[in-house]
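In what follows, a single structure is set out as structure tokens and then discussed.
Numbering (this note's numbering), first residue to last: 284 to 617.
Structure, rendered in structure tokens:
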């Protein structure tokens with residue numbers, strides 16, 4: 284007899300037929316189309332106009348809070364002087380530094396608003412010169428552009444070219460076109476880079492963060508930063524208040540023109556974006572939010588530019604979105 288143990292016996296195999304479910308992959312409802320909720324909410328928040336009572340209320344509340352903080356700080360300093368003169372004087376010095384910083388911040392905001400108004404006035408002057416075809420008005424526009432961009436090293440060659448060629452051009456339209464090409468070609472390229480960075484940031488955060496309000500906050504922050512940088516590129520140097528004012532102007536323009544929407548054609552124009560947006564709703568939302576950010580950026584270029592788009596073509600939102608999404612989505616093979 285063999286010492287090998289007997290092989291284990293296997294019991295019977297039962298095969299159970301599971302009931303068929305009503306929902307199968309072929310009958311499941313499709314994933315809802317992405318609608319860019321974050322950017323739509325952010326744009327509507329920026330474009331919302333406050334009533335006169337709301338403005339008075341917030342102004343009064345802000346003033347009251349500042350007065351209370353100032354009174355509490357001064358009372359604390361006086362009480363500290365009564366107990367310890369040296370520490371009290373140190374606290375008064377710190378309060379003075381904080382107050383000086385606040386004054387400088389307010390002054391910076393006011394200077395930013397003045398510069399934005401200067402760019403707006405220059406744009407209005409350029410439009411008036413183009414309509415009247417007045418060479419003298421066009422020369423004033425070029426002189427204002429030269430003053431606006433004086434001291435910028437990247438535009439030194441443009442300044443020299445305009446000084447050499449302005450006297451030879453007799454037509455007002457040709458003079459304005461020459462100024463637009465000389466000054467704004469490189470600035471438009473820099474503004475496009477800022478738009479691409481903002482669109483990529485918003486799309487990536489929307490696709491990766493599952494939090495409901497995180498994408499809205501990111502969209503607002505990224506768009507405000509983008510608009511501020513675009514204003515700085517064109518000579519506006521907007522502060523926080525100026526950036527918010529520009530964002531409100533851009534958002535109101537987008538809502539008025541019905542541009543706060545992205546169709547399937549724009550998503551499909553991004554290489555691979557159409558397919559991936561069907562597979563992942565969050566990725567689809569990211570693509571849509573990135574596209575809306577690109578639209579906000581192009582509208583911001585329109586608002587911040589000292590000259591309207593005439594000689595140079597306005598950037599295409601689809602092209603900007605394609606460049607922004609490079610590396611995030613696979614390329615479409617021909």
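Beta carbons are placed, not taken as given, at the ideal position from N, Cα and C, and that holds for glycine.
With 16 other CB atoms within 10 Å as the buried threshold, where does residue i fall?
i, result
"residue 471", "buried"
"residue 451", "exposed"
"residue 463", "buried"
"residue 376", "exposed"
"residue 390", "exposed"
"residue 359", "exposed"
"residue 602", "exposed"
"residue 446", "exposed"
"residue 484", "buried"
"residue 361", "exposed"
Residue i CB to nearest chain C CB: under 8 Å?
i, result
"residue 347", "Of the protein chains in the structure, only one exists, and it is not chain C."
Ends of the alpha helix (DSSP H) at residue i?
i, result
"residue 625", "No information on residue 625 is available, as it lies outside the stretch 284 to 617 that the chain covers here."
"residue 428", "418–431"
"residue 448", "439–448"
I need the straight-line Cα distance from residue i to residue j, nearest angstrom please.
i, j, result
"residue 385", "residue 336", "26 Å"
"residue 600", "residue 408", "28 Å"
"residue 570", "residue 598", "18 Å"
"residue 568", "residue 487", "10 Å"
"residue 507", "residue 367", "46 Å"
"residue 574", "residue 505", "13 Å"
"residue 608", "residue 334", "39 Å"
"residue 417", "residue 449", "14 Å"
"residue 532", "residue 582", "9 Å"
"residue 356", "residue 344", "18 Å"
"residue 378", "residue 514", "33 Å"
"residue 523", "residue 444", "35 Å"
"residue 556", "residue 473", "Confidence is the limiting factor: at residue 556 the pLDDT is only 48, short of 50, which leaves the residue's position unreliable, though a coordinate-based value still follows. Whole-angstrom Cα-Cα distance: 25 Å."
"residue 457", "residue 490", "46 Å"
"residue 427", "residue 363", "54 Å"
"residue 346", "residue 595", "46 Å"
"residue 414", "residue 420", "10 Å"
Helix, strand or coil, according to DSSP, for residue i in the structure here?
i, result
"residue 466", "helix"
"residue 588", "coil"
"residue 452", "coil"
"residue 228", "Because the chain spans 284 through 617 in this model, residue 228 falls outside it and cannot be assessed."
"residue 569", "helix"
"residue 519", "coil"
"residue 434", "coil"
"residue 492", "coil"
Check whether the Cβ of residue i lies closer than 7 Å to any heavy atom of the ligand SAH, and answer yes or no.
i, result
"residue 349", "No copy of the ligand SAH appears in this structure; indeed no ligand is present at all."
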